Every structure is written in structure tokens, then in C-alpha cells.
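Everything on this sheet refers to the single structure shown next.
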Amino acid sequence: MEVVRNNRFTKKYPVGFALSGGFIKGFAHLGVMQALLEHDIKPDILSGVSAGALAGVFYADGNEPHKVLDYFSGHKFQDLTKLVIPKVGLFELGEFIDFLRSNLKAKNLEELKLPLIITATDLDHGRLVHFHKGNIAERVAASCCMPVLFAPVKIEGTHYVDGGLLMNLPVTTIRRICEKVVAVNVSPLMATKYKMNIVSIALRSYNFMFRSNSFAEREKADLLVEPYNLDGYSNTELEKAEEIFMQGYNTANEVLERLAADKGSIWKE
Numbered sequence: 001m002e003v004v005r006n007n008r009f010t011k012k013y014p015v016g017f018a019l020s021g022g023f024i025k026g027f028a029h030l031g032v033m034q035a036l037l038e039h040d041i042k043p044d045i046l047s048g049v050s051a052g053a054l055a056g057v058f059y060a061d062g063n064e065p066h067k068v069l070d071y072f073s074g075h076k077f078q079d080l081t082k083l084v085i086p087k088v089g090l091f092e093l094g095e096f097i098d099f100l101r102s103n104l105k106a107k108n109l110e111e112l113k114l115p116l117i118i119t120a121t122d123l124d125h126g127r128l129v130h131f132h133k134g135n136i137a138e139r140v141a142a143s144c145c146m147p148v149l150f151a152p153v154k155i156e157g158t159h160y161v162d163g164g165l166l167m168n169l170p171v172t173t174i175r176r177i178c179e180k181v182v183a184v185n186v187s188p189l190m191a192t193k194y195k196m197n198i199v200s201i202a203l204r205s206y207n208f209m210f211r212s213n214s215f216a217e218r219e220k221a222d223l224l225v226e227p228y229n230l231d232g233y234s235n236t237e238l239e240k241a242e243e244i245f246m247q248g249y250n251t252a253n254e255v256l257e258r259l260a261a262d263k264g265s266i267w268k269e
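Just so you know, we're using my numbering here: the sequence shown kicks off at 1 and counts up by one.
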């Protein structure tokens with residue numbers, strides 16, 4: 001695997017954060033990280049998929065979690081995507097890539113202040129890819145590229161889509177190189193009410209399959225934070241970023257306080 005051959009990822013890190021996919025819910029990652037930092041729990045390495053890769057890259061680029069909201073303030077979903085005649089996707093991510101290039105100080109993964117591993121799905125060969133070097137904007141876009149909604153992102157001749165398709169919570173990616181792993185899953189599997197029609201059933205089944213690959217990953221973490229209060233947000237509600245941030249922030253504080261009170265430690269035994 002690519003990670004093994006790079007010296008940056010063969011040493012042992014004290015704490016790693018694994019950040020799940022979740023589209024608009026990814027702003028909750030920033031809230032969770034803000035709460036963790038205030039409890040003096042800081043990552044030495046980050047592993048991100050989709051929305052988790054987006055939150056992770058802004059933090060790894062040297063921004064405090066609550067400050068990342070400023071980059072998205074005033075933007076709408078339509079500002080970061082381009083509607084196209086649907087051949088391979090409803091939208092293209094060119095504007096999103098430009099947004100990342102304009103707002104990140106580092107241009108390549110190797111230049112980030114903290115190491116970050118970005119997971120995407122290689123659509124051409126049916127496999128996971130864990131990026132740890134190369135152009136940041138393209139690789140984050142590839143990891144965020146939800147199939148059908150977005151056209152696949154082409155990097156060096158290969159088409160990539162959302163890493164969450166095969167691994168929506170990337171704990172395994174950093175498990176062996178971290179003493180402790182904090183997993184933040186903003187897309188826990190929830191059986192909410194649904195309409196009995198073909199579209200609703202198809203979407204529900206797709207979401208179940210998409211999120212079920214997180215089950216085994218959850219068990220490998222030393223600390224798991226899962227906000228269960230994010231289901232009502234539409235994926236285009238970028239204007240609610242601060243509200244979603246606070247949901248993650250409050251959930252993390254509640255989890256940390258409960259574990260400390262009940263067990264005397266936040267870490268799994």
C-alpha cells in the first residue's frame with residue numbers, strides 16, 4: 001500500500017483523527033475537532049474521506065476549526081459546482097477545485113503542516129487509494145466526488161469518486177501507525193422514517209450500503225464520536241454550516257464529559 005513506502009507514515013504517531021464522509025454534515029467535523037482541541041486532544045496525523053478530507057485539509061493547512069467556517073461564509077452550493085448536461089454526473093467540481101486552490105496555502109499534500117491521508121475510490125480499477133502526496137485540490141475533490149451527483153475526477157488518467165463508497169470511516173488507514181485513533185463519524189447508520197415509493201426506497205438502500213462499511217472501522221477506534229442530530233440537513237444547505245458546526249461541537253463535549261464521568265477516561269480500554 002502506498003502509505004507503507006513513505007517514511008512520513010512509518011513512524012508511530014501519538015494521536016490520529018479519522019474523519020468520515022458526510023457531505024454537508026462534514027462541518028460537524030470542525031465542531032468536534034474544536035471541542036477535542038479545547039480538551040487538549042490534538043491530532044498528529046489526519047485521515048479523511050470526502051467531507052472528512054475537506055475538513056481535515058483546512059485544519060492540516062494551519063487553520064483553527066472554527067476559523068474554517070469563514071472560508072465558506074457567503075458561499076452557496078451553486079458557487080462551488082457547475083450544473084452540466086448529465087453524461088457522467090449532474091455537476092462538475094471545477095469550481096470546487098478552484099475554491100480549494102484559492103484558499104489553501106499548501107498546494108501539495110507534502111507541504112501541509114500536519115500529515116493528511118486522503119482516501120478515494122479508483123472507479124476504473126475498483127479499489128481504494130490513499131493519497132499522501134500530490135496536488136491537494138484534485139485529491140480532495142476526488143474523495144468528495146459522490147457518484148452520479150458529480151462527474152468523476154480524473155487524475156493522471158484514472159477516474160476517482162467518493163472514498164466513502166468503499167471506506168466511509170478511514171480508521172484502518174492510520175490504525176497501525178497511531179497509538180490512539182479518534183474516529184469522528186458524522187454519518188452514523190440511522191433508520192429514520194421514509195416514504196414507501198421507488199425513489200425513497202432506492203435512496204434509503206443506497207445510504208444503508210454506503211454507511212454500512214463503517215461498522216468494522218468504528219470498532220477499531222480508541223474514541224468514537226458520532227453526532228446523531230444531523231439527519232435533517234440538506235446537502236445543499238451551505239448557509240447552515242455554523243449550525244452544523246455547533247451540533248458537532250456540542251455532541252463531542254457531551255461524549256467527552258460522559259466518558260470522563262462514567263469511566264474516568266475518554267479512551268476505550
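Quick reminder that beta carbons are idealized off the backbone N, C-alpha and C, glycines included.
Please read all numbers here as calculations on a predicted model, not as lab measurements.
Where residue i sits in the DSSP three-state scheme
{"i": "G56", "result": "helix"}
{"i": "N108", "result": "strand"}
{"i": "A216", "result": "helix"}
{"i": "D70", "result": "helix"}
{"i": "V225", "result": "strand"}
{"i": "H159", "result": "strand"}
{"i": "V184", "result": "strand"}
{"i": "L19", "result": "strand"}
{"i": "E38", "result": "helix"}
{"i": "Y233", "result": "coil"}
{"i": "D262", "result": "helix"}
{"i": "K113", "result": "coil"}
{"i": "V171", "result": "coil"}
{"i": "E257", "result": "helix"}
{"i": "A252", "result": "helix"}
{"i": "G26", "result": "helix"}
{"i": "K268", "result": "coil"}
{"i": "D44", "result": "coil"}
{"i": "L165", "result": "helix"}
{"i": "N103", "result": "helix"}
{"i": "M271", "result": "The chain is shown only over 1 to 269; residue 271 falls outside these bounds and no answer can be derived."}
{"i": "M196", "result": "coil"}
{"i": "V4", "result": "Since pLDDT at V4 reaches only 38, below the 50 mark, its modelled position is unreliable, and no value is offered."}
Beta bridge counterpart(s) of residue i as assigned by DSSP
{"i": "C178", "result": "Y13"}
{"i": "L128", "result": "T121"}
{"i": "K240", "result": "Answer by DSSP bridge pairing: none, since K240 is not bridged."}
{"i": "L189", "result": "The partner list for L189 (beta bridge, DSSP) is empty, contrary to what the question assumes."}
{"i": "V49", "result": "T119"}
{"i": "N63", "result": "In the DSSP output, where bridge partners are listed per residue, N63 has none listed."}
{"i": "D135", "result": "Asp is not the amino acid found at residue 135; the sequence shown has Asn there. DSSP lists N108 as partners of N135."}
Distance between beta carbons of residue j and residue i, contact taken as under 8 Å
{"i": "T119", "j": "T173", "result": "6 Å"}
{"i": "L109", "j": "F131", "result": "6 Å"}
{"i": "L93", "j": "V153", "result": "6 Å"}
{"i": "K59", "j": "C178", "result": "In the sequence on display, residue 59 carries Tyr and not Lys. Not really, about 16 Å apart at Cβ, beyond 8 Å."}
{"i": "G31", "j": "A51", "result": "Not really, about 13 Å apart at Cβ, beyond 8 Å."}
{"i": "M167", "j": "N213", "result": "6 Å"}
{"i": "A35", "j": "Y249", "result": "5 Å"}
{"i": "V49", "j": "L116", "result": "About 11 Å; that fails the 8 Å criterion."}
Residue i beta carbon near the ligand SAM (any heavy atom closer than 7 Å)
{"i": "R139", "result": "Ligands in the displayed structure: none, and consequently the ligand SAM is not present."}
Check: Below 8 Å, can you find three or more Cβ-Cβ pairs linking the stretch 17–26 to the stretch 179–190?
Finding: The stretch 17–26, when compared against the stretch 179–190, does touch it at the 8 Å Cβ threshold.
Next item on the list: Decide yes or no for the touch test of the stretch 237–249 against the stretch 14–21: beta carbon pairs closer than 8 Å, at least 3 of them.
Entry: Segments in contact, no.
Notebook entry, point to check: Taking contact to mean at least 3 C-beta pairs separated by less than 8 Å, is the stretch 206–214 in contact with the stretch 26–45?
Noted result: At 8 Å Cβ cutoff, the stretches do not touch.
Next item on the list: Assess, as a yes-or-no matter, whether the stretch 111–125 is touched by the stretch 135–143 under the definition of 3 or more beta carbon pairs within less than 8 Å.
Entry: Segment contact: the stretch 135–143 against the stretch 111–125, three or more CB-CB distances shorter than 8 Å; contact assigned.
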